[in-house]
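Have a look at the structure below, then the notes.
Protein chains: 2
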Amino acid sequence: MSASADKQLLINLKIMEKQTNIKPTESELEILQILWALGKATVRQVNDELSKTREVGYTTTLKLMQIMFEKKLVSRTDEGRYHVYEAAVGEEPTQHMLLDKFIDSTFRGSATRMVMQALGNQQVSKEELEEIKKLINSIEKGQ
Amino acid sequence: MSASADKQLLINLKIMEKQTNIKPTESELEILQILWALGKATVRQVNDELSKTREVGYTTTLKLMQIMFEKKLVSRTDEGRYHVYEAAVGEEPTQHMLLDKFIDSTFRGSATRMVMQALGNQQVSKEELEEIKKLINSIEKGQ
DNA sequence: ATTTATCTACGAAAATTTTCGTAATAAAAT
DNA sequence: ATTTTATTACGAAAATTTTCGTAGATAAAT
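Protein sequence lines, in the order shown, are assigned to chains A and B. Residues 365 to 507 (our numbering) make up the first sequence, in order. Residues 365 to 507 (our numbering) make up the second sequence, in order.
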């Protein structure tokens with residue numbers, strides 16, 4: 365690999381890092397969830413989805429998505445007269461980042477304590493518990 | 365149990381429910397963490413703790429704690445001229461409530477997905493993994 | 001061709017959260 | 001006794017997030 369390509373990679377990694385560190389607000393996260401589910405969507409579609417759970421004006425959603433575009437949380441393409449939006453941050457990295465912050469602020473950094481509470485308190489099916497056990501076994505093997 | 369005692373119990377439960385549903389802001393949560401750790405503390409002590417991680421004015425902390433008192437997130441007693449504060453909401457119920465909301469907003473309600481990510485991404489020790497496995501086994505037995 | 005409907009841009013109001021300055025009071029120090 | 005220090009109360013500024021109204025442009029319907 366060339367030195368310049370190497371440098372470019374570093375820059376890209378830094379940008380990615382930065383982007384994954386932008387913490388979306390609660391409303392922004394709602395919109396990201398919808399975009400992750402739909403893939404691509406217009407403001408209208410997103411607003412329709414949001415309206416299923418709560419009342420929200422069209423221009424409110426529009427404005428939020430414009431702000432998210434400025435923050436590079438979403439990207440968009442011009443399709444004729446209107447815009448088609450897409451999430452510009454991945455679902456997993458974002459969840460990971462939010463999870464880290466959440467564990468820090470709510471469980472004083474202990475992932476274990478959080479997992480224990482989640483398993484104890486939530487209704488998790490037998491199948492899911494098995495899945496988690498499998499995961500643990502595979503992690504232990506890997507270590 | 366008498367009918368009136370019964371009624372009182374219901375009322376108390378409702379109050380508890382309500383209080384555990386007050387979602388503390390991020391700053392309020394920071395203060396709750398400190399109070400949970402210290403048990404009782406004055407504004408000065410809490411402010412000293414907060415100051416360890418970030419710069420924060422004394423009256424800022426004071427004001428926050430006054431607001432939290434109004435919201436009944438904390439209680440306080442007069443000790444001479446100053447106040448001694450204490451968390452008025454439990455650590456576990458609060459964590460539980462926040463966890464529920466977090467799973468909802470970030471993992472679309474799937475505790476399993478969150479746990480899988482937490483186990484995959486965080487550094488969790490062998491001992492902790494064992495502990496979690498034990499917990500899963502005991503849950504499975506209980507079912 | 002005109003009207004109606006739909007979309008974007010954008011500013012600004014409203015709501016929420018955080019920060020801080022000032023005043024009043026009382027204790028402690030000099 | 002006076003000054004200094006520490007505390008509470010409180011209003012309001014500052015910062016952040018959410019909501020909405022209006023204007024301008026373009027497509028669709030009449």
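Yeah, the Cβ is synthetic: ideal placement off N, Cα and C, and Gly gets one too.
Residues in the same chain with beta-carbon distance under 8 angstroms from residue i, minus the five sequence neighbours each way, listed in chain order, please.
i        : result
B:Lys465 : Lys387
A:Leu399 : Ala405, Val410, Val438, Tyr449, Glu450, Ala451
B:Gln459 : none
A:Met433 : The sequence given here has Phe at residue 433 of chain A, not Met. Same-chain partners within the cutoff: Ser439, Arg440, Tyr449.
A:Ile467 : Gly473, Ser474, Ala475, Met478
With DSSP as the reference, please indicate the residues paired to residue i in a beta bridge.
i        : result
A:Arg440 : A:Tyr449
B:Ala405 : B:Tyr449
Can you name, in chain order, every residue of its own chain whose Cβ lies under 6 angstroms from the Cβ of residue i, other than the five neighbours on each side?
i        : result
B:Val420 : Leu414
A:His447 : Arg440
A:Tyr422 : Asn411
Starting from residue i, trace the alpha helix (DSSP H) both ways and give me its first and last residue.
i        : result
B:Glu492 : 490 to 506
B:Val479 : 475 to 485
B:Pro457 : 455 to 471
A:Thr425 : 422 to 434
Please go through the same chain and pick out, in chain order, the residues whose beta-carbon is closer than 7 angstroms to the beta-carbon of residue i, but skip the five residues on each side of it.
i        : result
A:Leu402 : Gln409
A:Ile395 : Val410, Leu428, Met429, Met432
B:Glu455 : Trp400
- On the three-pair Cβ rule with 8 angstroms, is the stretch 469 to 487 of chain A touching the stretch 472 to 482 of chain B? yes
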